[in-house]
Amino acid sequence: MAALEELEREYERAKRDKKFQARLTQLLTTYAGRPTPLFFARRLTEKLGGAKIYLKREDLLHTGAHKINNCLGQGLLVERMGKHRVIAETGAGQHGVATATVCALLGFECVVYMGTEDMRRQELNVFRMRLLGAEVRGVESGSRTLKDAINEAMRDWVTNVRTTHYLLGSVLGAHPYPTMVRDFHRVIGREARAQILKAEGKLPAAIIACVGGGSNSIGIFYDFIKDEKVRLIGVEAGGRGEKLGDHAARFRGGSPGVLQGTYSYVLQDSGGQIALTHSVSAGLDYPSIGPEHAALRDAGRAEYVPASDAEALAATTLLARTEGIIPALESAHAVAEVVKRAPRMKKSEIVIVNISGRGDKDIGIMRENLNLD
Amino acid sequence: MPLAFYKKPALVVYVTCGDPDLATTREIVLAAIEAGADVIELGVPFSDPVADGPVIQRASERALKHGTSLAQVLTLAAEVRVQAQSTGLIIFSYLNPILQMGMEKFCKVTRAAGVDGVLVTDLPVEEAGEYLRAMRKYDLAPVFLAAPTSPDGRLKRIAEASRGFVYAVSRTGVTGTRQELASDAKKLVKRLRRVTKLPIALGFGISTAEQFAEVGEFADAVVVGSAIVEHIERNRGREAAAVGEFVRTLLAGAQLSVAAR
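For the protein sequence lines, the chains are A and B, in the order given.
If you count by this note's numbering, then the first sequence holds residues 9 to 381, one letter each, in order.
If you count by this note's numbering, then the second sequence holds residues 8 to 268, one letter each, in order.
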């Protein structure tokens, strides 16, 4: 608790500190590559024959996903707090790579916890982290995925809390993490809003983003929440079926509960034990969801739908062949939803899809699952 | 009120219920009481025990493999109570199984089982309003964890919300045995004494008779958890006997140390 309170205090101060904000903006611009383009997907739009589709290109950021936004922000906070050791959890490895990158940039010791199942399916990212000087510790417990990596990172944190910062990678965990991580990703929606107004002179009818913990989605949603006519659509991992254990669609099969310090929707059994999950994409394979998504959903402001493994894989091929963009399997879930939705929308309507990461890390899984011969 | 420490130091024994099965847990608990344990913490297994080290993680996994539930643990508590009237009984759980049962129902069943107190590992005192109201209503003692990193103001709040005793954590980190006790422990107990008259139990990392005796010099009670669970893990088929022997060793060590002084 003491460490969370220190973090909250430091974060509140940093928010008001012009120097901190200027340094963060400078790193986001000159190091990470912001602003990211908002790209009109002409061929995809024509192929689907409905709404005009724009892609927010977070996949073009340094390290290949939106995760770097939050890592740079928290990295600068670590400097302010005078800590020198950083730990993180990672599912798909994107947050781990972004954390390892920022630790190399700012000179921190870095340990990343990763489920061994995820290490197997995202081995390229394991090597990238090691190349960047991070230690990757495999986690053998539970489903050996993101949830278990968070458990192990939390155990490390409570043990080494005096010297260590836990650089949590999603809008999860205890306060102030969900708020702070959201704030560091708000830049996605802020840019997208200005870009679409400039390009089209009007707001989109819908924003679509994938939701694991929910960091890229809350980042792009946030500045549109007040624009009530803009539909906010989060896409969860529908996995391979509707049975508990076969998916990670918290809003379809979950109920309110507490996991890892967060009260939100949780996939669990009737006795309160957390369920195993499945998704082809490691980054969406998590049994709970950021609490702000739960609030947006209960308030009716955002809607959440599942996309299956097969739909995500099909969407990957489609985007690759119509636009020359290979999305991360996480982001492919958002693309799968636009494939279903755009044809039912008017040609005058606009939809923005957040391409939160690029697919290089998933080439191995894509090769196992897509027969292109 | 059985949540009292008759010996100095008193011994609090933790077990993960359902490891290896509930019938054996019952035997283990009765053996520990027979051997001299003052308070028993009945651990409810949870799928994601973030506050626990590898030993209790493994025990939880074993217990969950055959579906041990909170409801079953409460039935076990009632059975133990019938056979041990003067031993303190505490339910030790993560929050989510309690939430799924419902806070009100949980407190009602727990009270009816004859349990004295409850410790919810992942419920900080700052978020405990509803829990504390329900605990008061059913006359159950809430026990909170105090850590060496907790500032004085927080220690005070923890002490004020606790009944029965305050559980001081010997060092930062998760449960599990350690070779040496951090100097953190003594300092924390001293700081707690300044804010409370409640007895103080010290736990996390205590596994030998020597450590038990050492802690007994500055704390009112000593909690032994992972070391007990390790004895259960290592003595398949004779778990209760092994735990009984271990508890006697711990208590004998403390008496020797008192005699030496």
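Ideal Cβ placement from N, Cα and C applies to all residues, glycine included.
Computed from a prediction, not measured in an experiment: that's the story for all the values here.
Cβ-Cβ separation, residue j to residue i (assumed contact under 8 Å), whole Å
i	j	result
VAL238 (chain A)	ILE215 (chain A)	6 Å
GLY83 (chain A)	ARG366 (chain A)	So it is not a contact: roughly 22 Å between Cβ atoms.
ASN78 (chain A)	HIS183 (chain A)	With a Cβ gap of about 16 Å, ASN78 (chain A) and HIS183 (chain A) do not count as contacting.
ALA100 (chain A)	ILE76 (chain A)	With a Cβ gap of about 14 Å, ALA100 (chain A) and ILE76 (chain A) do not count as contacting.
LEU327 (chain A)	PRO295 (chain A)	Their Cβ separation, rounded to whole angstroms, is 28 Å, which puts LEU327 (chain A) and PRO295 (chain A) out of contact at 8 Å.
LEU46 (chain A)	ALA200 (chain A)	6 Å
ALA192 (chain B)	LEU205 (chain B)	Not confirmed; about 17 Å, so no contact.
ALA59 (chain A)	ALA202 (chain A)	Rounded, the Cβ-Cβ distance is 20 Å, inconsistent with contact.
VAL179 (chain A)	GLY222 (chain A)	5 Å
THR167 (chain A)	THR179 (chain B)	6 Å
LEU68 (chain A)	GLU331 (chain A)	Not really, about 13 Å apart at Cβ, beyond 8 Å.
LEU37 (chain B)	GLN90 (chain B)	6 Å
ARG152 (chain A)	GLY123 (chain A)	4 Å
Counted within 10 angstroms of its Cβ, other Cβ atoms place residue i as buried (16 or more) or exposed
i	result
ASN103 (chain B)	buried
GLU54 (chain A)	exposed
PHE135 (chain A)	exposed
ASP123 (chain B)	buried
PRO158 (chain B)	exposed
ALA310 (chain A)	buried
GLN107 (chain B)	buried
PRO16 (chain B)	buried
GLU143 (chain A)	exposed
THR128 (chain B)	buried
ILE371 (chain A)	exposed
SER364 (chain A)	buried
PRO263 (chain A)	Looking at the sequence provided, one finds Ser at residue 263 (chain A) rather than Pro. SER263 (chain A) comes out exposed.
ALA108 (chain A)	buried
HIS238 (chain B)	buried
LEU71 (chain B)	buried
HIS103 (chain A)	buried
LEU96 (chain B)	buried
ASN159 (chain A)	buried
LYS64 (chain A)	buried
ALA119 (chain B)	exposed
GLU224 (chain B)	exposed
CB of residue i within 8 Å of CB of residue j, strictly
i	j	result
SER289 (chain A)	HIS341 (chain A)	yes
SER76 (chain B)	GLY279 (chain A)	yes
THR94 (chain B)	ILE47 (chain B)	yes
LYS155 (chain A)	ASP55 (chain B)	yes
ALA135 (chain B)	ALA168 (chain B)	yes
TRP165 (chain A)	ILE228 (chain A)	no
LEU257 (chain B)	VAL231 (chain B)	yes
ALA320 (chain A)	LEU56 (chain A)	no
GLU221 (chain B)	PRO27 (chain B)	no
ARG260 (chain A)	PRO314 (chain A)	yes
GLU240 (chain B)	ARG65 (chain B)	yes
ALA344 (chain A)	LEU292 (chain A)	no
ALA153 (chain B)	LEU162 (chain B)	yes
VAL347 (chain A)	VAL359 (chain A)	no
ALA78 (chain B)	GLU111 (chain B)	no
Reduced DSSP secondary structure (H/G/I, E/B, other) of residue i
i	result
THR108 (chain B)	Strictly speaking, residue 108 (chain B) in this sequence is Met, with Thr absent from that position. DSSP places MET108 (chain B) in helix when its eight states are reduced to three.
SER214 (chain B)	coil
VAL176 (chain B)	strand
SER223 (chain A)	helix
VAL116 (chain B)	helix
LEU209 (chain B)	strand
GLU148 (chain A)	coil
PRO314 (chain A)	strand
TYR294 (chain A)	coil
THR203 (chain B)	coil
THR156 (chain B)	coil
GLN29 (chain A)	helix
GLU338 (chain A)	helix
ILE233 (chain A)	coil
GLY104 (chain A)	helix
PHE99 (chain B)	strand
ALA228 (chain B)	strand
PRO264 (chain A)	strand
MET127 (chain A)	helix
CYS118 (chain A)	strand
Identity of the residues DSSP links to residue i by a beta bridge
i	result
ILE48 (chain A)	With the sequence shown as reference, residue 48 (chain A) is identified as Phe, and Ile is not the correct amino acid for it. Its beta-bridge partners are A:TYR62.
ASN362 (chain A)	A:LYS64
HIS173 (chain A)	A:VAL94
GLY247 (chain A)	A:SER316
MET256 (chain A)	The sequence given here has Ala at residue 256 (chain A), not Met. Answer by DSSP bridge pairing, in chain order: A:ALA245.
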